[in-house]
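Protein chains in written order, with the working numbering: chain X, 401 to 757; chain D, 7 to 448.
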């Protein structure tokens with residue numbers, strides 16, 4: 401330190417840590433929210449009991465609560481509420497990260513995780529499950545698998561285009577949008593002839609974290625950890641890619657290879673989110689913008705920030721959601737996210753029209 | 007990395023095709039360390055293609071391009087970036103990245119994947135910003151600075167690559183004159199002081215001549231000239247490659263050629279060139295407008311008799327035409343009059359400019375008299391002769407006499423061009439005017 405003034409370009413790190421701390425705090429108190437009234441003290445007691453595997457509070461609920469009721473409370477807190485919270489965090493982070501990545505790769509502020517048809521691929525996968533398995537009770541295992549496969553397959557088609565020499569950024573974007581339309585058409589066709597399944601598909605489309613399992617959470621966080629590590633490793637290349645393919649290349653960036661790698665990472669991350677939580681809109685689009693507008697456009701900051709902002713956004717959405725007796729979370733993200741996003745946009749433009757740099 | 011005998015850039019027999027179109031044909035070029043080479047040529051002549059090929063953005067169909075002895079096509083982007091840096095003509099900027107970070111982007115090729123910006127890199131970035139005169143703008147965003155400052159920041163970023171070869175594509179296009187000189191001056195200093203090889207595509211030939219050690223001229227994808235500015239820039243080349251006529255001077259301070267371009271004659275060349283010589287009689291600056299207008303229309307000219315230091319004489323000398331001249335303030339002597347008569351004799355048409363006639367130059371009018379009726383003769387009528395006759399009526403009398411024997415009056419140079427043009431076309435009805443020579447022909 402010492403050389404160079406404390407300039408505006410230094411990412412305002414306190415902001416980042418503040419959001420992160422808020423996220424942690426919220427995650428900690430969130431299990432107290434829910435439709436079943438459970439005394440707050442009991443919630444934290446149960447959490448402590450489970451987290452320490454019974455070391456801290458050998459009797460989870462303490463005396464005065466019958467064992468059967470206690471078992472229900474433990475089930476609700478530990479098997480329903482906490483997994484939903486963690487899935488919201490994981491999915492929010494995944495969507496935020498891939499939104500930030502794709503906006504960087506495509507140098508397009510409108511890019512979001514679903515842009516390349518990845519969501520349509522996932523939907524198709526889900527619809528195929530409903531069509532194939534309709535009537536059988538147990539489709540919880542197949543649904544995420546097929547949705548994931550559908551998303552990844554779509555991502556691979558896009559990658560194949562990117563791999564070919566002809567794949568400029570604009571071509572890729574257009575191909576993604578076209579592919580998305582094609583997949584939606586197939587989905588519409590399948591639903592037309594399988595109307596019984598359409599309500600379930602519709603529910604799935606609106607997105608939800610309510611049916612999370614610990615296995616899912618393990619998968620989501622494992623993928624997230626790997627993807628964020630490798631993506632943030634390429635933040636410097638993303639910075640250079642903002643100056644154009646050729647400028648980046650002249651500075652030493654293997655632009656095509658980086659692009660393919662990052663699209664692959666974003667596709668897998670998105671596919672995981674889609675598989676376990678359905679289509680949750682707006683998080684991936686907004687999170688990077690919030691970071692860019694409020695903190696810095698340096699992709700090292702944008703990527704890490706999108707991860708945290710996305711997680712916080714979806715967690716808040718989930719908590720608020722609970723007060724409205726479990727609206728599909730995807731509805732809330734848009735209902736609450738859009739006004740907030742517009743506020744940020746206008747705040748920014750007013751500042752710049754008022755003469756601030 | 008740079009051994010003395012391996013050139014930073016060596017282009018041998020390179021052709022580049024885009025589909026059916028040949029963008030570059032058998033181009034060869036070698037650039038030594040510390041040398042500043044300017045690429046010149048009209049739009050679409052292949053300058054940018056040559057630069058892009060040297061950067062590995064386009065693959066040549068034939069030929070080889072070596073950077074420090076290694077083929078550019080075989081180098082990984084990282085190794086390429088250590089051998090060549092690029093200043094693009096324009097660069098999209100969306101994010102308001104602070105200039106110091108922006109310059110640090112240039113360090114990409116010198117840094118490991120997990121390394122952050124080292125203290126050395128940050129010091130280098132600040133030093134480079136200082137070198138391009140932006141030390142106090144280091145914290146400002148690249149979108150908040152002016153176009154000239156951004157261009158200099160781009161230069162600083164390219165310099166941060168510390169490559170032995172720097173390619174610039176029209177780096178001065180968006181800069182005002184002061185910043186053009188400034189930027190190219192810095193680039194040249196870089197070549198001189200650090201031995202960096204420079205190749206810059208430059209539209210402005212005067213800038214190219216002033217700063218470059220060597221000018222390589224491209225025309226239709228071929229290298230048509232390659233040498234020091236003094237040897238390369240000629241009127242013939244300018245006409246052949248750019249399709250312009252130009253006056254060439256020598257910069258009194260630097261001795262390099264300075265050119266003042268004009269469009270090629272608009273009058274059909276068949277008419278103006280075949281017209282023979284037009285002799286303009288003038289003095290005191292009156293002949294200047296007529297001489298310039300006729301020269302620009304493509305007529306061959308002569309002038310006389312003019313006194314030394316007369317601005318008409320300067321104009322005539324600038325145009326490089328034959329003149330009859332006399333020492334200042336003296337009456338026109340026999341030598342000057344004899345020379346003037348020779349030129350009049352050789353002329354296919356004579357123009358008398360609206361000069362002030364006094365005893366010292368009345369001879370100019372008298373010498374025209376024998377030609378009245380023999381060749382087309384035009385007398386300038388504005389201002390009228392009475393107002394510039396300081397000979398007590400002698401000049402006005404000669405004017406009257408000339409008009410009596412077939413001379414025509416003209417009010418302005420434009421008037422004269424109309425008159426000459428229609429006269430010549432009327433004389434050669436059969437000969438269709440040749441199309442103006444297209445730029446780049448031959």
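Heads up, the beta-carbon is just placed ideally off N, CA and C, and yes, glycines get one too.
Computed from a predicted model, the values in this text were never measured in an experiment.
List, in chain order, every chain X residue whose beta-carbon is nearer than 7 angstroms to that of residue i.
i            : result
residue 97/D : 643, 644, 647
residue 4/D  : The requested residue 4/D is not part of the displayed model; chain D covers only 7 to 448.
residue 79/D : Near residue 79/D there are no residues of chain X at all, since even the closest Cβ is about 13 angstroms away, more than 7 angstroms.
Since I believe residue j is in contact with residue i (beta carbons under 8 angstroms), could you give me their beta-carbon distance rounded to a whole number of angstroms?
i             : j             : result
residue 489/X : residue 607/X : Wrong, their Cβ atoms sit about 15 angstroms apart, outside the cutoff.
residue 609/X : residue 484/X : 5 angstroms
residue 520/X : residue 598/X : That belief does not hold up - the Cβ atoms of residue 520/X and residue 598/X are roughly 16 angstroms apart, past 8 angstroms.
residue 416/X : residue 708/X : 7 angstroms
residue 214/D : residue 46/D  : 5 angstroms
residue 571/X : residue 558/X : Between residue 558/X and residue 571/X the Cβ distance is about 10 angstroms, and since that is not below 8 angstroms, they are no contact.
residue 500/X : residue 695/X : So it is not a contact: roughly 12 angstroms between Cβ atoms.
residue 205/D : residue 225/D : About 17 angstroms; that fails the 8 angstroms criterion.
residue 138/D : residue 192/D : 6 angstroms
Let's see if you can read the secondary structure: which residues bound the beta strand (DSSP E) around residue i?
i             : result
residue 27/D  : 27-37
residue 296/D : Segment 294-302 is the alpha helix (DSSP H) holding residue 296/D; no beta strand (DSSP E) there.
residue 253/D : 250-256
residue 496/X : Unbroken run through residue 496/X is the alpha helix (DSSP H), 482-506; no beta strand (DSSP E).
residue 232/D : 228-233
residue 331/D : 329-332
residue 310/D : 306-313
residue 415/D : 414-416
residue 91/D  : 90-93
residue 24/D  : 15-24
residue 225/D : 220-225
residue 268/D : 263-269
residue 214/D : It is not in any beta strand (DSSP E) - residue 214/D instead sits in the alpha helix (DSSP H) that spans 211-217.
residue 72/D  : 68-73
Listing by chain order, which chain D residues have their CB less than 8 angstroms from the CB of residue i?
i             : result
residue 512/X : Near residue 512/X there are no residues of chain D at all, since even the closest Cβ is about 17 angstroms away, more than 8 angstroms.
Could you please give the first and the last residue of the uninterrupted alpha helix (DSSP H) stretch that includes residue i?
i             : result
residue 149/D : Here residue 149/D belongs to no alpha helix (DSSP H), and DSSP marks it neither H nor E.
residue 713/X : 699-723
residue 694/X : 683-694
residue 42/D  : Careful: residue 42/D lies outside any alpha helix (DSSP H), inside the beta strand (DSSP E) at 42-46.
residue 617/X : 614-633
residue 340/D : 340-352
residue 318/D : 317-325
residue 175/D : Careful: residue 175/D lies outside any alpha helix (DSSP H), inside the beta strand (DSSP E) at 171-175.
residue 449/X : 440-451
Name, please, each residue of chain X whose Cβ falls closer than 8 angstroms to the Cβ of residue i.
i            : result
residue 84/D : 652, 654
Determine the chain X residues that contact residue i at a beta-carbon separation under 9 angstroms, and present them in chain order.
i             : result
residue 61/D  : 646, 649, 650
residue 167/D : 650, 651, 652
*If you pair each beta-carbon of the segment 58-65 of chain D with each one of the segment 73-91 of chain D, do three or more pairs fall below 8 angstroms?*
Yes, since at least three Cβ pairs between the segment 58-65 of chain D and the segment 73-91 of chain D fall closer than 8 angstroms, the two stretches touch.
*Taking three-plus beta-carbon pairs below 8 angstroms as touching, is the segment 168-183 of chain D in contact with the segment 137-145 of chain D?*
Contact between the segment 168-183 of chain D and the segment 137-145 of chain D is absent: fewer than three C-beta pairs spanning the two stretches fall below 8 angstroms.
_So, does the segment 671-691 of chain X touch the segment 617-627 of chain X, judging by three or more C-beta pairs under 8 angstroms?_
Touching, yes, given that three or more Cβ pairs across the two stretches are closer than 8 angstroms.
*Name, going along the chain, the residues of the segment 514-532 of chain X whose beta-carbon falls closer than 8 angstroms to a beta-carbon of chain C.*
Absence of chain C from the displayed structure is noted, the protein chains being X and D.
*Between the segment 141-162 of chain D and chain X, which residues of the former have CB atoms less than 8 angstroms from a CB of the latter, in chain order?*
If the cut-off is 8 angstroms between Cβ atoms, the segment 141-162 of chain D has 144, 145, 146, 147, 150 near chain X.
_Interface residues of the segment 86-111 of chain D facing chain X [CB-CB below 8 angstroms]_ = So the list reads 86, 87, 88, 90, 91, 92, 94, 97, 98, 99, 100, 101, 102, 103, 104, 106, 107, 111, given in the order they occur along the chain.
*Mind checking the segment 621-641 of chain X against chain D and listing, in chain order, the residues whose C-beta falls within less than 7 angstroms of any C-beta there?*
Residues of the segment 621-641 of chain X whose Cβ lies closer than 7 angstroms to any Cβ of chain D, in chain order: 633, 636, 639, 640.
*Between the segment 669-701 of chain X and chain D, which residues of the former have CB atoms less than 7 angstroms from a CB of the latter, in chain order?*
Listed by position along the chain: 697, 698.
*Report yes or no: do three or more beta-carbon pairs, one from the segment 109-119 of chain D and one from the segment 150-168 of chain D, lie closer than 8 angstroms?*
Contact holds between the segment 109-119 of chain D and the segment 150-168 of chain D, because three or more Cβ pairs, one in each stretch, are under 8 angstroms apart.
*Would you check if there are 3 or more beta carbon pairs closer than 8 angstroms linking the segment 468-480 of chain X to the segment 658-674 of chain X?*
When Cβ pairs closer than 8 angstroms are counted between the two stretches, the segment 468-480 of chain X is seen not to touch the segment 658-674 of chain X, the count staying below three.
*Three or more C-beta pairs closer than 8 angstroms, one from the segment 464-472 of chain X and one from the segment 646-665 of chain X: is that the case here?*
Result no; under three Cβ-Cβ pairs closer than 8 angstroms.
*asked:* Within 8 angstroms, do at least three Cβ pairs link the segment 350-357 of chain D to the segment 365-378 of chain D?
replied: They touch, by the three-pair rule.
_Contact the segment 681-689 of chain X vs the segment 504-524 of chain X: 3+ CB pairs below 8 angstroms_ = Counting Cβ pairs under 8 angstroms, three or more are found: they touch.
*Are there three or more Cβ pairs, one per stretch, closer than 8 angstroms when the segment 15-33 of chain D is compared with the segment 226-238 of chain D?*
Two segments are said to touch when three or more pairs of C-beta atoms, one from each, lie closer than 8 angstroms; by this definition the segment 15-33 of chain D touches the segment 226-238 of chain D.
*Validate contact between the segment 258-269 of chain D and the segment 331-344 of chain D using beta carbons, cut 8 angstroms, 3 pairs*: These segments do not touch.
*asked:* Across the segment 387-395 of chain D and the segment 317-329 of chain D, are there enough close Cβ pairs to call them in contact, namely three or more that are closer than 8 angstroms?
replied: When Cβ pairs closer than 8 angstroms are counted between the two stretches, the segment 387-395 of chain D is seen not to touch the segment 317-329 of chain D, the count staying below three.
*Any chance the segment 730-747 of chain X sits against the segment 708-721 of chain X, with 3 or more Cβ pairs inside 8 angstroms?*
The segment 730-747 of chain X is in contact with the segment 708-721 of chain X.
_Given 8 angstroms, three or more beta-carbon pairs between the segment 634-653 of chain X and the segment 69-76 of chain D_ = Here the segment 634-653 of chain X does not lie against the segment 69-76 of chain D, with fewer than 3 beta-carbon pairs under 8 angstroms apart.
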